[in-house]
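Residue numbers (the working numbering), protein chains in the order written: chain A, 11 to 361; chain B, 11 to 361.
Below: the structure, in structure tokens.
2 protein chains.
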Amino acid sequence: MRLMQKLFFIALLCAVIAFGASPGNAAISVKAVGGFHIGGKEVVIKDMPVQVVQYTKNGPIEKVDPNGEFMAGQMYVQYVQLEKALSKYPLLLWHGGGLTGVTYEDTPDGRPGWQQFFLNAGHDVYNCDAVERGRASWAKYPEIYTTSPVFRPKSQTWLNFRFGTEYNEDPAKRVAHPGQQFPVEHLDQFTRQFVPRWTSTDGLIMAAYNELIDKKFTGGCVVLAHSQGGGFAINAALANPGKVKGLILVEPNGAPDPDKVDLSPIKDIPVLIVWGDYQNNPKITAWNKAAYGDLYPKFAKGLEAKNGKVTWIDLPELGIKGNTHMLMMDKNSDQVAQVIQDWMAKQGLMR
Amino acid sequence: MRLMQKLFFIALLCAVIAFGASPGNAAISVKAVGGFHIGGKEVVIKDMPVQVVQYTKNGPIEKVDPNGEFMAGQMYVQYVQLEKALSKYPLLLWHGGGLTGVTYEDTPDGRPGWQQFFLNAGHDVYNCDAVERGRASWAKYPEIYTTSPVFRPKSQTWLNFRFGTEYNEDPAKRVAHPGQQFPVEHLDQFTRQFVPRWTSTDGLIMAAYNELIDKKFTGGCVVLAHSQGGGFAINAALANPGKVKGLILVEPNGAPDPDKVDLSPIKDIPVLIVWGDYQNNPKITAWNKAAYGDLYPKFAKGLEAKNGKVTWIDLPELGIKGNTHMLMMDKNSDQVAQVIQDWMAKQGLMR
């Protein structure tokens, strides 16, 4: 297995050198652009006092009854469907914690995002906002969610997302990892993308992702998931056998434990696990492959023990260095996307 | 003026009958798909106690310092740029209160939304989420926003959005207006799109919209705004003279008072104001043209007094009946979009 992986790496590296990092910037022929919500259920709130609200300056003062029926637990999907997809299955993009589908739309320094890359490469793309993130909307707390939201300060990204070793409010005093690829001069622009998150909503998020795949992708799909999205992606594939045709886990967390969960339902689908650079900084307590103990190595071994098809890529081993937790925003984001695209082609996921 | 308007209406009606309601469903040639944030500023929160957070089940328990630097007041823009636009300027879509750009993406019964319609008609489309809505993200309260969010119960739409006269939790007991066009059988799907809103953020929303137009549309743009977005659109045009080349106000509210605000800066740009049906139900206290007294009639007259170019369309007068506050989701949404498209062509906004 190890030898096969190394040969694959070398082949991949040759492909990257031979074909360059971009599938082209020509116009694409698009059949449909849109968005929809799915999942969730009605929740009724009762016995709250009537509010007095003036929605608009100079507008009427209205009595608003905050009681009534609300939808809670739905998620949001934005889609771009090509006239002629070159891939066999639509590509679902699932973001990480405290973020939304914007993760894949643009980079903080204004280059095209992975959504554009994979459209150019011939995939129908479904870019999702998990429950309580972005356009999915969120529900009242403590009435519906049981906890308060957590807001991520700008500083937390520096160490945890592996941009550098020392954060300071003064940008001139921040110390970045030598050779790191995140456009740190645009950290404020990345911070604009942050959304609050709850720690009590994993069940709702999982249920909506499952409903999405079960109802909308009966013909199959490939899921590309980042960070927090990784665990949801694996569990969605386990819960919807036959409907997830490939799993691409980018700096993921939250893998199921193969000692407790039977991984057989996903043994026949190709699984790619991709890691960036700077994994061994002792200051980092989260968002690297060791943060969760041996969670992912154990998951990969457990799946291989079931004759699963796992490709484990440490980008630095491929000679692709300097990548942070936010691979899709790093300056070489297209190069990393090309590694993923080449893997999909090799796995037979393209037409 | 009145006679001219009536002749224009008749011409428009003939055009609608002659050419049908759709600019065609052929594939479109797309140059770029993406999204970005703009506006806002850094806000520092201090002296809050450290939180203990477990982000993921089985994940590490982390100490999270909730103090630090946050971005607040930014907005979000999703864009689709055509290879060859047929319009002279990009079209900005601004949603109403308690909603996001999803308003324009799909209808609750799953038909293509106005975003797709105007792409098909040849416009580059920039579909926006205002500050604190959807992908724009929102900030802590009461630390940053001074008030609590308002959540709209499903029931509130029934009367206020002019779907009908009697709401009941039991769908079978709801009374819709005879001939109304909203797909009321999909009310739950519409409710999934609702997001909380604050009543204390108008200044932040306005500032971000102004920055968007000032920085990104120096070559001009056309703004199509719904409901709460209408007032922001007029004020953005007033604040950015020469950059807004046309205003399309769909069931708008929040117009400036011409006795207090000089409307001269927008006297040379065409302004379209569109109203749906069922305007005279005494139970309705908001979201119809009379809800704000004579706000819009006064605005229109005030602009005409400055030799402004106002087109005032009551759709029932054109023979287009049954439209609710949510025109872009009504069953005849393409027909209403075509009225707007024909107006843009007549005003010289197409190439």
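Each residue gets a CB set at the ideal place from its N, CA and C atoms; glycine is no exception.
The stretch 346-358 of chain B and the stretch 280-287 of chain B touch, with three or more beta-carbon pairs separated by less than 8 Å.
Boundaries of the alpha helix (DSSP H) harbouring F200 (chain B): 197-201, taken from the DSSP string. Contacts with chain A at 8 Å (Cβ-Cβ) do not include N220 (chain B). Under the three-state reduction of DSSP output, D116 (chain B) falls in the strand class. The CB of I38 (chain A) comes closer than 7 Å to the CB of V40 in chain B, given here in chain order.
For the pair V87 (chain A) and A149 (chain A), the CB atoms are not nearer than the 8 Å cut-off. The stretch 227-246 of chain A makes contact with the stretch 94-103 of chain A; the number of CB pairs closer than 8 Å reaches 3 or more.
Proximity to Q91 (chain A) across A:K51, A:A42, A:G69 peaks at A:A42, based on C-alpha coordinates.
At a C-beta separation below 9 Å, M360 (chain A) has no neighbours in chain B, since its nearest C-beta there lies roughly 20 Å away.
Shown here for A82 (chain A): same chain residues with a beta carbon closer than 6 Å to its own, the five before and five after excluded, namely G50, V53, A149, I154 in chain order. Secondary structure note for K73 (chain A): its beta strand (DSSP E) is the uninterrupted segment 72-74. Taking the C-beta atoms as reference points, A265 (chain A) is found nearer than 8 Å to G240 (chain A). Taking the Cα of A146 (chain A) as reference, the smallest distance to any Cα among B:K94, B:P206, B:V63, B:G189 is reached at B:P206. At the C-beta level, L248 (chain A) and P275 (chain A) come within 8 Å of one another. For T167 (chain B) and N333 (chain B), the gap between their C-alpha atoms comes out near 14 Å.
Residue environment: V62 (chain B) is assigned as exposed (fewer than 16 neighbouring CB atoms within 10 Å of its CB, all protein chains considered). Linking G45 (chain A) to G189 (chain B) through their CA atoms gives a straight-line distance of about 27 Å. A direct Cα-to-Cα measurement between K94 (chain A) and V135 (chain A) gives close to 12 Å.
What Q125 (chain B) touches in chain A, judged by beta-carbon distance under 9 Å, is V43, G44, G45, going in chain order.
With at least 16 other beta carbons inside 10 angstroms of its own, A186 (chain B) counts as buried. In the three-state reduction of the DSSP assignment, L305 (chain B) falls in the helix class.
Within the same chain, Cβ atoms closer than 7 Å to the Cβ of K341 (chain B) are found at Q191, P193, the five residues on either side in sequence being excluded. At least one beta carbon of chain A lies nearer than 8 Å to the beta carbon of S165 (chain B). Identification of residues in the stretch 260-291 of chain A having a C-beta nearer than 8 Å to some C-beta of chain B yields N263, G264, D267, given in sequence order. Neighbours of E52 (chain A) across chain B, judged by C-beta separation under 9 Å: K164, D198, T201. Residue state for R145 (chain A) is assigned as helix, using DSSP reduced to three classes. Burial is judged here by how many other beta carbons sit within 10 angstroms of a residue's own beta carbon; Q348 (chain A) has at least 16 and is buried. Within chain B, no C-beta atom comes nearer than 9 Å to that of L214 (chain A); the closest sits roughly 13 Å away.
By the neighbour-count definition (other C-beta atoms within 10 Å, threshold 16), I71 (chain A) is an exposed residue.
Close CB contacts of Y177 (chain A) within its chain, under the 7 Å cut and outside five residues either way in sequence, are with S165, W168, L169, R184 (chain order). What T321 (chain B) touches in chain A, judged by beta-carbon distance under 8 Å, is nothing: the nearest beta carbon there is about 24 Å away.
When the alpha-carbon of H133 (chain A) is set against those of A:A140, A:W124, A:D139, A:V141, the nearest one is in A:W124. Taking 8 Å as the CB threshold, P193 (chain A) stays off the interface with chain B.
Rounded to the nearest whole angstrom, the C-alpha separation of F80 (chain A) and L197 (chain B) is 11 Å. The three-state secondary structure of G213 (chain A), taken from DSSP, is helix. Using a Cβ distance threshold of 8 Å, A243 (chain B) and N220 (chain B) do not count as a contacting pair.
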